[in-house]
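J.: Sending over a structure as C-alpha cells; questions will come in a sec.
Protein chains: 2
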Amino acid sequence: MRNWEKNVRKVVPYVPGEQPKEENIIKLNTNENPYPPAPGVKLALQGLQEEHLKKYPDPAATQLVEALADRYGVKPEQVFVGVGSDDVLAMAFLTFFNGEEPVLFPDITYSFYDVWAELFRIPYVQLPLDGHFRIRPEEYFAANRKNGGVIFPNPNAPTGLELAPDAVEQIVRENPDVVVIVDEAYVDFGAKSALPLVEKYDNLLVVQTFSKSRSLAGMRIGFAIGSEALIACLNDVKYSFNSYTMSQAVIAVGAAAVKDEAYFRKTVQAVIDTREWTKEQLRRLGFVFEDSKANFLFATHPKVSARELFEALRQARIYVRYFNKPRIDNYLRITIGTREEMERLTEFLEGFLRGKSAVM
Amino acid sequence: MRNWEKNVRKVVPYVPGEQPKEENIIKLNTNENPYPPAPGVKLALQGLQEEHLKKYPDPAATQLVEALADRYGVKPEQVFVGVGSDDVLAMAFLTFFNGEEPVLFPDITYSFYDVWAELFRIPYVQLPLDGHFRIRPEEYFAANRKNGGVIFPNPNAPTGLELAPDAVEQIVRENPDVVVIVDEAYVDFGAKSALPLVEKYDNLLVVQTFSKSRSLAGMRIGFAIGSEALIACLNDVKYSFNSYTMSQAVIAVGAAAVKDEAYFRKTVQAVIDTREWTKEQLRRLGFVFEDSKANFLFATHPKVSARELFEALRQARIYVRYFNKPRIDNYLRITIGTREEMERLTEFLEGFLRGKSAVM
C-alpha cells in the first residue's frame, strides 16, 4: 500500500447494470424506455447554437425549472434539478441526512441508498420488507426507533410494488422532525405520486427522473419537488459542490421533453399496456411475481433458477437484470420494452422452459 | 427553525460570477473563451441520434476518455472525466483528502477550495501568497507542517501567475505521502503543464477543463490525469456517487473538440496575442498587474478604486469580475475576449480615466 492511500476514502462502488455496446440485442436490463424521447427533443438539439457553448450555462437551469414548475403546478422555488435522479438523491443525502440517528430505508430497494450512506458516513438501518416484498409502513415511525431521515422508492425497486398513498402520507406525517424522501423514479407507470402532499408537509421531498417515463436516460436529468425551504437547502449544498451541473444541451432538451404532455401520456400508456400483456404471458409460463406498477417486472420461476434463466437469455442476446443478493437471488428484473421485444422474450422463454421440462 | 433543519448540512454557498441573460454585453467576468468551439462540435451535435437518448450513456465515457488519452499520450486508465473541472475537483477532495491533517492551499486562490473543504468537513490551512501574489513553494513542504494533501492552481486564479515547473515538481516530490493536485484550468494559455510528471510521481493528479481553452463552458467537461492507482480510486468514489454523469451529448461533443488540435492551437494563440496586446494598453493607462499566463488579467489602478471601475464598466455593459475579499478588493479580474472586445474595454477605460483626472 502506498502511503497516500491511507487518506483515500474507502468505498464499495456501485455496480451499474451492463451497458453492452453491441447492436441487435434486446436490452431489458436497466429500465430504459423503449420509445424515443418527445419529437421536440430533436428540435431542441438542432436549435443549439454551438457558438453559445463557449459560455457557461445558466446555473439555475431556469428554462428547465420553469417548465417543470408549470407542468407540476408548483413554484420554480420548489424545484431542484440535477444530473439524473442519482445526482439529486446524492445531494439530498449530503444535505438532509446529517444527524446522529440512522436513516431508514428498506432492505430490498434501490442499491444506491446504502452506497451513498457509506460514502457520506451516514448511519442507516435497513428495514426488512415483508414476505411479499411489501414495505411495512409502521416500521418507519415505530415509537422505539429514532431516525435521522427516511427514504424509499415508490414504486419500490427492484420489486415494482406500490405503497398506498395513505401509507406514504402516514410516514411523512409521523416523521415531522426529519426529511422524508420519496423516490418516484417509476411513478408515472401507474402508481400515485406524493406530489400533492408537498404543499401540506414541508419535510417531504419527492424525487423523479427523465430517464424512465421521459425516455431521456442518455441526457441525465432528475429533479426534486418540495417546500421552498427544502429546495433552498438543497440548492445551497449543490452550489457548494458544483454551480454548473446542467449543460446547455441538457437544459434545452429537458425543457422540450417536459412540454410535450400528449406524447408523454401516449408512450407511458403504451408501456403500461405492454406490461399488462407481459404479465399475462409470464403467468401463463408459470412465472410468479407481485403486481408491478413500474416499467419492469420482478419475477421468479418455481422450476428454473433465475441465474440459469439469466444466462440463457443472455446467450440469446436478451439482457435482463439479475441481483446476486440475499432474498432476491432467485428473481429476474425484466424491463418492459416494446411489444415486439416482449414477444421475443416470451417466445424464447416458452421454448426454453419447454426444453427444460422435456429433460426433467 | 423547523426541527428537520437540525440535520441539514450548513454551508456557505459559492457565489458564481454573474451570468447576465441580456445580449449585447461584453462579458469578461467568468473567463470564458471568446471563440466558438471547434467546428467538429457542431457536427457531433448534429450527429446525435435522439432515438439513442432513451438509453443510458456509457458510464465510462470511453469515447471521450480515449480521445483524451490519445491527445495527452497516456493510457485510458490514467484519465478521469467529470461534469466540469468542479465536479472532478470535488470528487478528488472527497476521495483523497480524508486524513486528520489539514490540506494546504493558497489564501488567494480558486474560491471553491475552502467551500469543498467545508462541505466535506476536511481540515485545511490557507498559506499566504507573497507580496507579489506568488505562491511560496517551500511553505508546502515545511518540515514543521504536517499535511493531508496539497492543491493549488497553476496558473493561480485569480492572479494568473505561473509557478515555475521545478517548484511544482519540488512540491510533488517533497509530499510523497499525500496526494498533490495541480489544477491547470488555465494552463493552455502559456504556462507549463505538470502532465509529464505523472509518469514519475504516482501521487500527482493534474486537473484540466474544456471550459476555457476548448470553448465549451456550456457543456460542462473537466478531466484529471494521474497514475492508474489514483484514477482507480477516483472512479470508485465517482461510481459510488453517480455512475452516469456524462450525457451522450457531452461525450460526443467533448471527443470532437479534443480531436481538433489545429483549431485548439489557433484559438489559444489568438487569446494569448490579445492578452499581450491588452497588457500593453492597460499599462499605458496606468494599470498595475503581474505577468498573467492565463486568459485573464488581474489588475489594479493606483488612482481609481477597483470597485468604482467595476461599477462604471458595468454601467457601460462591460462585465468584469470584482472580489470583495481581503487583499484583493482593489483588483479587477478581466477575462481576455476578442481583440474588438478588448479595444472597446480599453477605449472605455481611457475615456473614464481621462474624465476622472480632469475632475481630480
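Just so you know, the sequences run in chain order H and P.
Position one of the first sequence corresponds to residue 1 (my numbering), numbered consecutively onward.
Position one of the second sequence corresponds to residue 1001 (my numbering), numbered consecutively onward.
In this text, a Cβ means the ideal position worked out from N, Cα and C, and glycines have one as well.
In this text, all values refer to a predicted model and were calculated from it rather than measured experimentally.
Please look up how many angstroms separate the CB atoms of Ala1157 of chain P and Ala1185 of chain P, rounded, as I've assumed it's under 8 Å.
T.: With 8 Å as the limit, Ala1157 of chain P and Ala1185 of chain P qualify as a contact, their Cβ atoms being about 7 Å apart.
J.: Less than 8 Å between the CB atoms is what I'm expecting for Ser193 of chain H and Val206 of chain H, so what's the real figure, rounded?
T.: Confirmed, Cβ separation roughly 7 Å.
J.: Can you give me the Cβ contacts of Arg1134 of chain P inside the same chain, cut-off strictly under 7 Å, excluding the 5 residues immediately before and after it?
T.: These residues qualify, in order along the chain: Leu1161.
J.: Return no unless some Cβ of chain H is closer than 7 Å to the Cβ of Asp1114 of chain P.
T.: No, no contact with chain H.
J.: Can you tell which of P:Val1198, P:Pro1155, P:Val1168, P:Glu1199 has the C-alpha that lies nearest to the C-alpha of Phe1189 of chain P?
T.: The shortest Cα separation from Phe1189 of chain P among P:Val1198, P:Pro1155, P:Val1168, P:Glu1199 belongs to P:Pro1155.
J.: Could you spell out the range, first to last residue, of the beta strand (DSSP E) harbouring Phe152 of chain H?
T.: Counting along the chain, the beta strand (DSSP E) containing Phe152 of chain H begins and ends at 149–153.
J.: Taking the alpha-carbon positions, what's the Ala1257 of chain P to Asp107 of chain H distance?
T.: C-alpha separation (whole angstroms): 45 Å.
J.: Leaving out the 5 sequence neighbours to the left and right, which residues in its chain are closer than 6 Å to Glu101 of chain H when beta-carbon positions are compared?
T.: Closer than 6 Å at Cβ, skipping near neighbours: Lys146, Asn147, Gly148.
J.: Determine the chain H residues that contact Asp1086 of chain P at a beta-carbon separation under 9 Å, and present them in chain order.
T.: Simply Phe241, Asn242, Ser243, Tyr244, Thr245.
J.: Can you list, in chain order, the stretches of the beta strand (DSSP E) that have 3 or more residues and sit fully within the stretch 1029–1087 of chain P?
T.: DSSP runs (the beta strand (DSSP E)) wholly in the stretch 1029–1087 of chain P: 1079–1082.
J.: To the nearest angstrom, how far is the alpha carbon of Gly1222 of chain P from that of Thr346 of chain H?
T.: Near 44 Å, if we compare the C-alpha coordinates of Thr346 of chain H and Gly1222 of chain P.
J.: Give the secondary structure of Gln1269 of chain P by DSSP, where H, G and I count as helix, E and B as strand, and everything else as coil.
T.: Gln1269 of chain P falls in the helix class under three-state DSSP.
J.: Evaluate contact between the stretch 281–297 of chain H and the stretch 325–340 of chain H, counting only Cβ atoms and requiring at least three cross-stretch pairs below 8 Å.
T.: Flag = yes, the stretch 281–297 of chain H and the stretch 325–340 of chain H touch.
J.: Please name the residue in H:Phe348, H:Cys233, H:Leu309, H:Thr278 whose C-alpha comes closest to that of Pro1013 of chain P.
T.: It is H:Cys233.
J.: Which chain H residues are close to Arg1009 of chain P, counting only those with a beta carbon under 7 Å from its beta carbon?
T.: By Cβ distance, chain H contributes Leu94, Thr95, Asn98, Val237.
J.: Given Asn1031 of chain P, which residues of its chain have a CB within under 7 Å of its CB, disregarding the five upstream and five downstream residues?
T.: Lys1212, Asn1295, Phe1296, Thr1335.
J.: Touch check for the stretch 85–99 of chain H and the stretch 55–69 of chain H: three-plus C-beta pairs under 8 Å?
T.: They do not touch, by the three-pair rule.
J.: Name, please, each residue of chain H whose Cβ falls closer than 8 Å to the Cβ of Glu1051 of chain P.
T.: Simply Pro36.
J.: Can you tell me which of P:Gln1281, P:Glu1199, P:Thr1209 puts its alpha carbon nearest to the alpha carbon of Glu1228 of chain P?
T.: Minimum Cα distance to Glu1228 of chain P is reached at P:Glu1199.
J.: Assuming Tyr331 of chain H is part of the alpha helix (DSSP H), what are its boundary residues?
T.: Careful: Tyr331 of chain H lies outside any alpha helix (DSSP H) and carries neither H nor E.
J.: Please list, in chain order, the residues of the stretch 211–228 of chain H that have any C-beta partner in chain P closer than 8 Å.
T.: Flagged, chain order: Ser211, Ser215, Leu216, Ala217, Gly218, Met219, Arg220.
J.: Under the three-state reduction of DSSP, which class applies to Gly1254 of chain P: helix, strand or coil?
T.: Three-state result, Gly1254 of chain P: helix.
J.: Can you find a C-beta in chain P that's less than 7 Å from the C-beta of Tyr322 of chain H?
T.: So, not an interface residue.
J.: Determine the burial state of His301 of chain H: buried for a count of at least 16 other Cβ atoms within 10 Å of its Cβ, exposed for fewer.
T.: His301 of chain H is buried by the Cβ-count criterion.
J.: Indicate whether Phe1105 of chain P and Tyr1113 of chain P have their beta-carbon atoms separated by less than 7 Å.
T.: In this structure, Tyr1113 of chain P lies closer than 7 Å to Phe1105 of chain P by Cβ.
J.: Could you list the residues in the stretch 18–45 of chain H with a C-beta less than 8 Å from some C-beta on chain P, going in chain order?
T.: The stretch 18–45 of chain H vs chain P, Cβ under 8 Å: Gln19, Lys21, Lys27, Thr30, Glu32, Asn33, Pro34, Tyr35, Pro36, Pro37, Val41, Lys42, Leu45.
J.: Give me the Cβ distance between Met1364 of chain P and Gln248 of chain H, rounded to the nearest whole Å; I'm assuming they're in contact under 8 Å.
T.: Chain P is shown from 1001 up to 1360; residue 1364 of chain P falls before or after that span and cannot be answered.
J.: Any beta carbon from chain P within less than 7 Å of Leu119 of chain H's own beta carbon?
T.: Interface residue, yes.
J.: Indicate whether at least one CB of chain P lies closer than 7 Å to the CB of Pro76 of chain H.
T.: So no, Pro76 of chain H is outside the interface.
J.: With 7 Å set as the bound, which would you pick, yes or no: does the beta-carbon of Ala1048 of chain P sit closer than that to a beta-carbon of chain H?
T.: Ala is not the amino acid found at residue 1048 of chain P; the sequence shown has Leu there. Output row for Leu1048 of chain P: interface = yes.
J.: Taking 8 Å as the threshold, find out whether the stretch 269–277 of chain H comes into contact with the stretch 1273–1283 of chain P through three or more Cβ pairs.
T.: No, the stretch 269–277 of chain H does not touch the stretch 1273–1283 of chain P.
J.: For the beta strand (DSSP E) holding Leu1104 of chain P, just list the boundary residues, first then last.
T.: Where Leu1104 of chain P is concerned, the enclosing beta strand (DSSP E) stretches over 1103–1106.
J.: With 16 as the cutoff for other CB atoms within 10 Å, does Pro326 of chain H come out buried or exposed?
T.: Classification for Pro326 of chain H: exposed.
J.: By the DSSP assignment, the alpha helix (DSSP H) with Leu1230 of chain P in it spans what residues?
T.: Taken as a continuous stretch (DSSP letters only), the alpha helix (DSSP H) holding Leu1230 of chain P covers 1228–1241.
J.: Going by the DSSP bridge assignment, what does Arg1321 of chain P pair with across the sheet?
T.: Beta-bridge pairing links Arg1321 of chain P to P:Arg1333.
J.: With distances taken Cα to Cα, identify the nearest neighbour of Gly1351 of chain P among P:Leu1309, P:Asn1324, P:Val1320.
T.: It is P:Leu1309.
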